[in-house]
Every structure is written in C-alpha cells, then in structure tokens.
Amino acid sequence: MLPRVLEPEVMDTAEEAADYDAMDHRAVNNAFCIDFLELAGKLKIRRVLDVGTGTGLIPIELCSRAPAVRVVAVDLAAHMLDVARANVEHANLQDRISLELRDAKSAGWPDGEFDAVISNSIVHHIPDPADALGEMWRLVGKGGALFVRDLFRPKDDVSVEALVERYAPIGDDRDNRQRALFEASLRAALTPSEVVVIADRAEIRNASISISSDRHWTLFATRAAT
Numbered sequence: 111m112l113p114r115v116l117e118p119e120v121m122d123t124a125e126e127a128a129d130y131d132a133m134d135h136r137a138v139n140n141a142f143c144i145d146f147l148e149l150a151g152k153l154k155i156r157r158v159l160d161v162g163t164g165t166g167l168i169p170i171e172l173c174s175r176a177p178a179v180r181v182v183a184v185d186l187a188a189h190m191l192d193v194a195r196a197n198v199e200h201a202n203l204q205d206r207i208s209l210e211l212r213d214a215k216s217a218g219w220p221d222g223e224f225d226a227v228i229s230n231s232i233v234h235h236i237p238d239p240a241d242a243l244g245e246m247w248r249l250v251g252k253g254g255a256l257f258v259r260d261l262f263r264p265k266d267d268v269s270v271e272a273l274v275e276r277y278a279p280i281g282d283d284r285d286n287r288q289r290a291l292f293e294a295s296l297r298a299a300l301t302p303s304e305v306v307v308i309a310d311r312a313e314i315r316n317a318s319i320s321i322s323s324d325r326h327w328t329l330f331a332t333r334a335a336t
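First residue of the sequence shown: 111, per our numbering; consecutive thereafter.
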C-alpha cells in the first residue's frame, strides 16, 4: 500500500483557486448531490453546512435540486471564497447560500446547529481528519445527517497513474497543474479502512462507509431524532 503523502491543508492562492474552479467537476458534483439527497430523502433537511466548499459549486448544484434548502458554505481559503462569491452571484443564489471563512476543525457554532453537514474532498487535506470529522458530527442536529465524500488512496503507483490518465486533462500549463494537483490529492487521501478507524475516533458510531466510485469513498451517518 502506498504511504500517505500530505499536501497543504489550505489552497489559498488566486492561481490555485482559478485552477480548481476551471476543473470539470460537473459529474462528481452531480453524483454527490444526487446521492446525498437520496440517502437523506426521508429526513427533514432545510439548513445545510458545506465544509470545505472551495469555489461553491456543490451548494449551487444542491440548491438547484432542492428548492427548500439553504446552505452555509465554509472554507479556510480566502481566494477560494472570492471565486465562490462570484459563482453564487452568477447563479443568483445569494439569498440561499452564505459563504464564511471558517476552520473545519473548529467551526464555532453550537452543537447540533444544522439539519445536515456535507463535505466533498476536504478530508484528504487534513493531517489528522478525526478532528474535522468530529467537528462535522458535532454540528449535526437531532434527526439530521452527515454526508462526507473524498478520494481514496490507490494501492500502488500504477493505479495512481491510471486514474490521473483517466480523469485529468492533458494540454496547457493549467492542465499540467491540474494533473499534478489530482495526483497529489490521490497520494494524500485515506484508504477506506483508515476512514473506518478515524470515524470511530471521531465517535461517529453508526457511520456507513462505502466505496462509491473507482476513486471515492463515502461516509453517511444519521443522528437519532430524540
């Protein structure tokens, strides 16, 4: 098994934010929102926290699919949030999506503040993800849900190279930076078995953890209504 090689916790340059926003996330974001809404379909979800929102694309997609939902979207990268604000304004969703600069490991809200907490591709940026997952779980209210998805670390270099060739663009300097970013993310990701251990450390006792694509794992947990 490949060793985990950490990458920076915060991507906070204007170039990194622009490169990230230029990636084609549509299929991944669509699948994320569809799967979340399907799993949380029987729950009363109105106020959602998106942790590590990046450039705000998942809240925009979620609001397009769930008219009753309001999203608070947080990130620790100011440049990412600058791009996210432009994206939210372009989608005319300022009244349903609010953006805040906050740390995933210590968000600052009271316990149970949200009906659901969601997160896509932030866990691999955090050296010890138990703190972030524990904070996300703390913020889930009674009868609410936690939905987290991220890359998983492939078993060897050959598998990493195959995924990079399959999903990363080839072309100009920006494409090359995106390829390098994707490869670094794969190498920084957790394995599903590591996620099980970390979820237990975060005291998410009823978590369902599954492999949800050829490169993603998904954690879903619900909090009892009483």
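Ideal Cβ placement from N, Cα and C applies to all residues, glycine included.
If you follow the alpha helix (DSSP H) that residue i is part of, which residue opens it and which one closes it?
{"i": "TRP327", "result": "No alpha helix (DSSP H) holds TRP327; the beta strand (DSSP E) holding it covers 326 to 332."}
{"i": "ARG259", "result": "Not the alpha helix (DSSP H): ARG259 falls in the beta strand (DSSP E), residues 250 to 261."}
{"i": "ILE308", "result": "302 to 311"}
{"i": "GLU117", "result": "Counting along the chain, GLU117 falls outside any alpha helix (DSSP H), and DSSP gives it neither H nor E."}
{"i": "ALA217", "result": "Per DSSP, ALA217 belongs to no alpha helix (DSSP H) and is neither H nor E."}
Please check if any C-beta of chain D sits within less than 8 angstroms of the C-beta of residue i.
{"i": "ALA334", "result": "Absent from the structure: chain D. Only one protein chain is present."}
Taking residue i as the reference, which of the options has the closest Cα?
{"i": "GLU313", "options": "ALA278, ARG248 and VAL158", "result": "ARG248"}
{"i": "PHE292", "options": "ASP134, ALA309, GLY254 and ASP221", "result": "ASP134"}
{"i": "LEU159", "options": "ARG284, VAL305 and GLY222", "result": "GLY222"}
{"i": "SER229", "options": "PRO113, LEU153, PRO177 and LEU256", "result": "LEU256"}
{"i": "MET190", "options": "VAL270, PHE142 and ASP129", "result": "ASP129"}
Helix, strand or coil for residue i, going by three-state DSSP, please let me know.
{"i": "VAL227", "result": "strand"}
{"i": "GLU210", "result": "strand"}
{"i": "ALA141", "result": "helix"}
{"i": "MET244", "result": "In the sequence as presented, Met is not what sits at residue 244; that position holds Gly. GLY244 falls in the helix class under three-state DSSP."}
{"i": "ASP185", "result": "strand"}
{"i": "SER295", "result": "helix"}
{"i": "SER322", "result": "coil"}
{"i": "HIS287", "result": "Checking the displayed sequence, the identity of residue 287 turns out to be Arg instead of His. Here ARG287 sits in helix by DSSP."}
Please return the same chain residues whose Cβ sits closer than 6 angstroms to the Cβ of residue i, not counting the five positions on each side in sequence.
{"i": "LEU186", "result": "VAL120 and ASP213"}
{"i": "PHE330", "result": "LEU149, PHE257 and SER318"}
In the DSSP assignment, find the beta strand (DSSP E) that holds residue i and state where it starts and stops.
{"i": "LEU203", "result": "First-last for LEU203: undefined, no H or E at that position."}
{"i": "ASP160", "result": "157 to 161"}
Using beta-carbon positions only, say whether residue i and residue j come within less than 8 angstroms of one another.
{"i": "ALA217", "j": "VAL184", "result": "yes"}
{"i": "LEU300", "j": "HIS235", "result": "no"}
{"i": "ASP145", "j": "THR336", "result": "no"}
{"i": "VAL181", "j": "ARG156", "result": "no"}
{"i": "VAL198", "j": "ALA226", "result": "no"}
{"i": "PRO264", "j": "LEU112", "result": "yes"}
{"i": "ALA278", "j": "GLN288", "result": "yes"}
Under 7 angstroms Cβ to Cβ from residue i, same chain only, skipping five residues before and after it: list those, please.
{"i": "SER295", "result": "GLU117, HIS234 and LEU261"}
{"i": "GLY151", "result": "none"}
Take residue i and list the residues in its own chain whose beta-carbon comes closer than 8 angstroms to its own, dropping the five residues that flank it on each side.
{"i": "LYS252", "result": "GLY222, ARG333, ALA334, ALA335 and THR336"}
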